[in-house]
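Note that the protein sequences, when read in sequence, are chains C and E. By the count of my numbering, the first sequence reaches residue 245 at its end, each step adding exactly one. By the count of my numbering, the second sequence reaches residue 245 at its end, each step adding exactly one. Ideal Cβ positions, reconstructed from N, Cα and C, are used throughout, including at glycine. A quick write-up on the structure given underneath.
There are 2 protein chains.
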Amino acid sequence: MPLRRAIHKMLYFVTGSRDKFAEAKAILPDIEQFEADLPEIQSIDAEEIARAKLEEAAKGREGAFFVEDTSLYLEALGGLPGPLIKWFMKTIGNEGLVTIAAAFDNTKATAKTIIGYRGEDGDVRFYEGSLEGSIVSPRGEHGFGWDAIFMPHGIAMTFAEMSNENKNENSMRQIALKKLKAALI
Amino acid sequence: MPLRRAIHKMLYFVTGSRDKFAEAKAILPDIEQFEADLPEIQSIDAEEIARAKLEEAAKGREGAFFVEDTSLYLEALGGLPGPLIKWFMKTIGNEGLVTIAAAFDNTKATAKTIIGYRGEDGDVRFYEGSLEGSIVSPRGEHGFGWDAIFMPHGIAMTFAEMSNENKNENSMRQIALKKLKAALI
Numbered sequence: 061m062p063l064r065r066a067i068h069k070m071l072y073f074v075t076g077s078r079d080k081f082a083e084a085k086a087i088l089p090d091i092e093q094f095e096a097d098l099p100e101i102q103s104i105d106a107e108e109i110a111r112a113k114l115e116e117a118a119k120g121r122e123g124a125f126f127v128e129d130t131s132l133y134l135e136a137l138g139g140l141p142g143p144l145i146k147w148f149m150k151t152i153g154n155e156g157l158v159t160i161a162a163a164f165d166n167t168k169a170t171a172k173t174i175i176g177y178r179g180e181d182g183d184v185r186f187y188e189g190s191l192e193g194s195i196v197s198p199r200g201e202h203g204f205g206w207d208a209i210f211m212p213h214g215i216a217m218t219f220a221e222m223s224n225e226n227k228n229e230n231s232m233r234q235i236a237l238k239k240l241k242a243a244l245i
Numbered sequence: 061m062p063l064r065r066a067i068h069k070m071l072y073f074v075t076g077s078r079d080k081f082a083e084a085k086a087i088l089p090d091i092e093q094f095e096a097d098l099p100e101i102q103s104i105d106a107e108e109i110a111r112a113k114l115e116e117a118a119k120g121r122e123g124a125f126f127v128e129d130t131s132l133y134l135e136a137l138g139g140l141p142g143p144l145i146k147w148f149m150k151t152i153g154n155e156g157l158v159t160i161a162a163a164f165d166n167t168k169a170t171a172k173t174i175i176g177y178r179g180e181d182g183d184v185r186f187y188e189g190s191l192e193g194s195i196v197s198p199r200g201e202h203g204f205g206w207d208a209i210f211m212p213h214g215i216a217m218t219f220a221e222m223s224n225e226n227k228n229e230n231s232m233r234q235i236a237l238k239k240l241k242a243a244l245i
């Protein structure tokens, strides 16, 4: 069911990242950036985190809002790091994640983007994009974060070995953004 | 420096746990429970989490407040799980933590309680209790959470092998509570 949105009311992408905003704007030209680094609640449920963030963003403000969260899930860790990936990156980093995957003898991983959309009426919907892949020893110079250790299935390159263009073409974030776009028509 | 607190104003312990409240009340008989499970922000800095929680608790309410957070830090993980321990318990549990400690060939761990206190004037102070120890294979039937895999230095028993009384006698929580009590006099 398409989302109804009052004409002339704005759709804001709540993000502190210019790069993420530019990527989304290429798909959704009418959006505006709501440049805020809102605190995130502790949870391993990306939808719960997105919902709380949307409520915070919408407080006392008009318009529709969306947020995005991109997470890495290691099958061996049953839900971790998930949305808590940034704390793993800040502490043990890529090498630590590789050590953990090896310890559990399971390198299966999923890269997942969740987009949470909150309409003017307060209704919240989610759009997901995900890619299955493997954790490998760090390879490649592009990208950031865990790009160097995630290799999507069917591609013999890590995200960090792909050009940005190449990576974005079929990324989990693009899949989620395109689902949001389709719902907004 | 002792904390000045207006007479007749209440000191609230913000916690959803009856057990934790009872333990604190035995040391600080005048406190009241503010029974709330306030959402916690994502961070690996226990003081930052406590500060945000205290601000939330104090919104539109009179009195002084304190919160406590007990975390487990694995030296190998450089700050993790820390305040994120509950998500590790919900996913990989004790066995997973033991596997990780073994993979990094480092079983050193610290159990730490942080108490955050917010006075009527909005001033926030912290009181810490910590115990050094090791991660061991699960042993013992008492306690909860990670009690079965944490063995404090100098004691040949995990927390789960001690009676509650025995465990509480010199726990990191008791150390922190006693520091708060000393500051309140």
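Check	Outcome
DSSP beta-bridge partners for C/Gly-176?	C/Val-127 and C/Phe-186
Should E/Pro-198 be flagged as near chain C, meaning a C-beta pair shorter than 8 angstroms?	no
Check whether the stretch 106-115 of chain E and the stretch 170-177 of chain E are in contact - that is, three or more C-beta pairs closer than 8 angstroms.	yes
Spell out whether any CB of chain E is found under 8 angstroms from the CB atom of C/Ile-245.	no
Taking the beta carbon of E/Ala-169 as the centre, do at least 16 other beta carbons fall within 10 Å, making it buried, or is it exposed?	buried
Could you check the C-alpha separation between E/Asn-224 and E/Ser-77 for me, to the nearest Å?	16 angstroms
Give the straight-line distance between the Cα atoms of E/Thr-173 and C/Met-70, rounded to the nearest whole angstrom.	45 angstroms
Within the continuous beta strand (DSSP E) that includes C/Gln-234, where are the two ends?	No beta strand (DSSP E) contains C/Gln-234, which is instead part of the alpha helix (DSSP H) from 232-244.
Just mark C/Arg-233 as buried or exposed, buried being the case when its beta carbon has 16 or more other beta carbons within 10 Å.	buried
At which residues does the alpha helix (DSSP H) containing E/Phe-73 begin and terminate?	Element bounds for E/Phe-73: not the alpha helix (DSSP H) but the beta strand (DSSP E), 71-74.
For the stretch 154-164 of chain C and the stretch 153-172 of chain E, state whether three or more C-beta atom pairs, one from each stretch, are separated by less than 8 angstroms.	yes
Is DSSP giving E/Glu-95 helix, strand or coil here?	coil
Use the C-beta contact count for C/Ala-220: other C-beta atoms within 10 angstroms, 16 or more gives buried, fewer gives exposed.	buried
To which residues does DSSP link E/Ser-194 through a beta bridge?	E/Lys-168 and E/Met-211
Buried or exposed: where does C/Gly-142 fall if 16 or more other Cβ atoms within 10 Å of its Cβ makes it buried?	buried
How is the alpha helix (DSSP H) around E/Gly-156 delimited, first residue to last?	153-163
Could you name the residues of the stretch 153-178 of chain E whose beta carbon sits closer than 8 angstroms to any beta carbon of chain C, in the order they occur along the chain?	Gly-156, Thr-159, Ile-160, Ala-162, Ala-163 and Phe-164
Would you say E/Ala-128 lies against chain C (beta-carbon separation less than 8 angstroms)?	In the sequence on display, residue 128 of chain E carries Glu and not Ala. Answer no: the Cβ-Cβ gap between E/Glu-128 and chain C never drops below 8 angstroms.
Pair every Cβ in the stretch 141-155 of chain C with every Cβ in the stretch 202-210 of chain C, then say whether three or more of these pairs are closer than 8 angstroms.	yes
With E/Met-217 and E/Val-196 assumed to form a contact (beta carbons below 8 angstroms), what rounded beta-carbon distance in angstroms separates them?	Not confirmed; about 10 angstroms, so no contact.
Would C/Phe-125 and C/Ala-118 be called neighbours here (beta carbons separated by less than 8 angstroms)?	yes
At the level of alpha carbons, what is the spacing between C/Lys-80 and C/Gly-193?	22 angstroms
Per DSSP, what kind of secondary structure is C/Leu-144 in: helix, strand or coil?	coil
Using the beta-carbon of each residue, which ones in chain E are nearer than 8 angstroms to C/Thr-151?	Ile-104, Leu-137, Gly-138, Gly-139 and Leu-140
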